[in-house]
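K.L.:
Pasting a structure here, questions to come.
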Amino acid sequence: MPSLFASYLRVYEPLTAFDRDRQDFWRRYVAEGRAVAPLEGPGRQRTAVIEALGAGWTRLPDLPDEAYVLETDDTLLVCPWNLRIRVAEAALSAREGVPPVLADAFVPPILAGQAKAVVDEWRSGARVLEHGVPRVHEQIATWGVPLRWFVLFEAEERDHVTVPGRRALRYRTEISKSRRRASRALSVLRKTVGEVPITEAVEEAARWLEEFHPRSMVELDYGGLVDLLSDETLAADDSPQLVATGLTGLAKGEADEASAAYDRLVARWRAVQLLERCN
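Dropping the structure here:
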């Protein structure tokens, strides 16, 4: 399976975050060995979404419940895929920038209406209020990592693997730590630069984290991006530290320090984003 050049921000929740039926389901799911490895998951998700949007669909299909699973010494944590929302978003995206006749051929209006209802419900948080179900557990970014994600982690939380047949880079931490870091970053940004796009982006990330159980784990996975980066680049990655340095500089009023860290970070990830245009 070719790499999907994307990064992933995931939240793994303990079973106690789910109702009794879902807890039983996820226990059976793990016991039966059905949990999907993060290395295989993106390809399987993409296949499921594409197949779900086949020609002739007039309703959003029922999709199997799948998840990534994280097992610690005393806790089982689950990151559900929420594929129904993924399919709904993909259906709406397929209609964008396309003449109406073609859009209706690819995604019929009745399906588009259902997709919009699903996405609107998710964005409004209605399911959280009515059912206590958190929002989507995984966010995806193609050809790079959103800078706001680095706010949630520290350098020592990195897990770097380069062995024959497997290369990976991820950061993982307790959600309580990520929430504190997001809160501190938001405070610094509001005091120093005001309500600019980066402040709004960090605020959005902070709100998203609040939807989950307090004993959850948060993970930033570089996913297929590792195939765009050399072993040396992966080993030297200090993106969370650059963000922390920039925020510290802002808090101390040291604009040059903050600007230097920001410029290094942006240049690093812009180089990755430009690879999308390579042929």
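Be aware that the sequence shown starts at 1, since it is given in UniProt numbering, and climbs by one per residue. Heads up, the beta-carbon is just placed ideally off N, CA and C, and yes, glycines get one too.
(1) With three or more beta-carbon pairs closer than 8 Å as the criterion, would you say the stretch 225–242 touches the stretch 8–20?
(2) Using a Cβ-Cβ cutoff of less than 6 Å, which residues in the same chain neighbour R148 once the five nearest sequence positions on both sides are dropped?
(3) On the three-state DSSP scale, how would you describe D159?
(4) Looking at the secondary structure, which residues open and close the alpha helix (DSSP H) in which D256 lies?
(5) What distance in whole Å lies between the Cβ atoms of F5 and T142, which are believed to be in contact at a cut-off of 8 Å?
(6) Closest to R86 by C-alpha separation, out of T162, A105, A48 and T72, would be which residue?
(7) Count the other C-beta atoms from every protein chain shown that fall within 10 angstroms of the C-beta of S216, then say buried if there are 16 or more, exposed otherwise.
(8) What three-state label does DSSP hand P134 in the structure shown?
(9) What alpha helix (DSSP H) runs, 4 residues minimum, are completely inside the stretch 8–92?
(10) Leaving aside the five residues before and after T75 along the sequence, list all residues of the same chain whose C-beta is less than 7 Å from its C-beta, in chain order.
(11) As a quick exercise: from T199, T162, D256 and P197, pick the residue whose alpha carbon is nearest that of A235.
(12) Shortest alpha-carbon distance to L275 belongs to which of V243, A115, H213 and G144?
P.N.:
Reading it off the structure:
(1) A contact between stretches requires three or more CB pairs, one per stretch, nearer than 8 Å, and the stretch 225–242 fails this requirement with the stretch 8–20.
(2) Along the sequence shown, read from residue 1 onward, the residue named residue 148 stands at position 148. Excluding residues within five positions, the ones whose Cβ falls inside 6 Å are A201, V202 and A205.
(3) For the purposes of this step, residue 159 is identified with residue 159 of the sequence shown, where counting begins at 1. Strand, per DSSP.
(4) Residue 256 sits at position 256 when you count from the first residue of the sequence shown. Here the alpha helix (DSSP H) through D256 covers A255 to L274.
(5) If you number the sequence shown from 1, residue 142 lands on position 142. If you number the sequence shown from 1, residue 5 lands on position 5. Indeed they touch by this definition, with Cβ atoms about 6 Å apart.
(6) By 1-based counting over the sequence shown, the position of residue 86 is 86. The residue from T162, A105, A48 and T72 with its alpha-carbon nearest to that of R86 is A48.
(7) As a first step, residue 216 is located in the sequence shown; it is residue number 216 there, counting from the start. The residue is buried, with at least 16 neighbouring Cβ atoms inside 10 Å.
(8) Mapped onto the sequence shown, residue 134 falls at position 134. Low local confidence applies: a pLDDT of 49 at P134 is under 50, so the model's placement there is unreliable, with the coordinate-based value given in what follows. Of the three classes helix, strand and coil, the one that applies to P134 here is coil, per DSSP.
(9) Fully enclosed alpha helix (DSSP H) runs of 4 or longer: 20–31 and 41–52.
(10) In the sequence shown, residue 75 corresponds to position 75, counting from 1. Take T75, set aside five residues on each side of it, and the residues of its chain with a beta-carbon closer than 7 Å to its own are P14, in chain order.
(11) Walking along the sequence shown from the start, residue 235 turns up at place 235. Closest by alpha carbon: T162.
(12) Translated into the one-based positions of the sequence shown, residue 275 becomes position 275. The option with the nearest alpha carbon to L275 is G144.
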